[in-house]
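Read through the structure below, which is laid out as structure tokens, and then see the notes.
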Amino acid sequence: MKVSLSTQANTCCPQAFYAYGTYKEDGTPNFGLFCWFSFCWDGERCVMACIGGDKLTKDRIRATGRFSANLVSEELLPQAYYFGNTPGYNPDKMKGVDVAISKGQVLDVPVLEQSPWVYELEVKRSIPLDGSDIFLCRICNILVDERLAALGLDDDGPIPLDEAKPVVGWGGGAFFKVGERLSPTKPR
Ligand SMILES: Cc1cc2nc3c(=O)[nH]c(=O)nc-3n(C[C@H](O)[C@H](O)[C@H](O)COP(=O)(O)O)c2cc1C
8 MKVSLSTQAN TCCPQAFYAY GTYKEDGTPN FGLFCWFSFC WDGERCVMAC
58 IGGDKLTKDR IRATGRFSAN LVSEELLPQA YYFGNTPGYN PDKMKGVDVA
108 ISKGQVLDVP VLEQSPWVYE LEVKRSIPLD GSDIFLCRIC NILVDERLAA
158 LGLDDDGPIP LDEAKPVVGW GGGAFFKVGE RLSPTKPR
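In terms of the working numbering, the sequence shown is numbered consecutively and its last residue is 195.
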């Protein structure tokens, strides 16, 4: 037995969260929180990022053609939640933010040191929609925490999510832990 939900309900759109980092016009970093993020193929593995309305992150992605996507871990959540609830158009947003910020290794983008993994992204194409824009991005680099890399990652191996501790949830702001590894399992 099932019940129907509104087709516009956010409830059944669980996602991981990423803090997108861009540099402002004055060269200082800005971060916003985003969850409409996924992957696709366009001759290479790409990222799709959907940003609604007008926001500083979108303005800066348009102006520079690049940004970082920093996976939000349990440890980063309080900071990331602030990034998602304070508009970058407020010039004081990043004042007093106490997180270590470095630079990408390939692109000139700000990176959150505490994030378990970070994509350095370059926009290949932007697709304007009714009320939002999709940015189709080339993955120019993936920065992975040394601690995770030491566990023996290779190109096809799974990243140990139980070690990375990403949070999942939905845009309305309910967050959950990711649990233990279940696979490999036998298909039924
Ligand atoms: C949990 C959460 C998830 C969010 N996900 C998105 C998203 O996927 N797309 C979007 O356009 N805005 C999203 N937002 C809103 C932005 O984070 C918010 O507008 C923020 O101010 C953007 O930063 P900026 O103003 O510095 O650009 C989310 C906010 C929260 C709290």
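We treat Cβ as the ideally placed atom computed from N, Cα and C, and that holds for glycine.
As the structure is a computational prediction, the values presented were derived from the model and not from experiment.
Shown here for L136: not one same chain residue has a beta carbon closer than 6 Å to its own, the five before and five after excluded. Here the stretch 10 to 22 does not lie against the stretch 75 to 94, with fewer than 3 beta-carbon pairs under 8 Å apart.
In this structure, Y30 and F41 do not form a Cβ contact; the two beta carbons are roughly 17 Å apart against a cut-off of 8 Å.
Remark: C-beta atoms of G60 and S139 approach each other more closely than 9 Å.
The three-state reading of DSSP puts E129 in strand, counting E and B together.
Across the structure, D49 and C147 are spaced so that their CA atoms are roughly 14 Å apart.
L119 is positioned such that its CB atom lies no closer than 9 Å to that of V113. Straight through space, the alpha carbons of V185 and E170 are spaced by roughly 10 Å.
Exclusion of F46 from the 8 Å shell around ligand 1 follows from its C-beta lying no nearer than that to any non-hydrogen atom of the ligand.
Residue state for I166 is assigned as coil, using DSSP reduced to three classes. Between the alpha carbons of D66 and V116 lies a gap of roughly 15 Å.
It is roughly 6 Å from the alpha-carbon of V174 to the alpha-carbon of F183. For N17 and G111, the gap between their C-alpha atoms comes out near 32 Å. Boundaries of the beta strand (DSSP E) harbouring F41: P36 to F41, taken from the DSSP string. Looking at K100, Q121 and K62, the one whose alpha-carbon comes closest to that of S109 is Q121. Distance between R188 and L160, taken at the CA atoms: about 15 Å.
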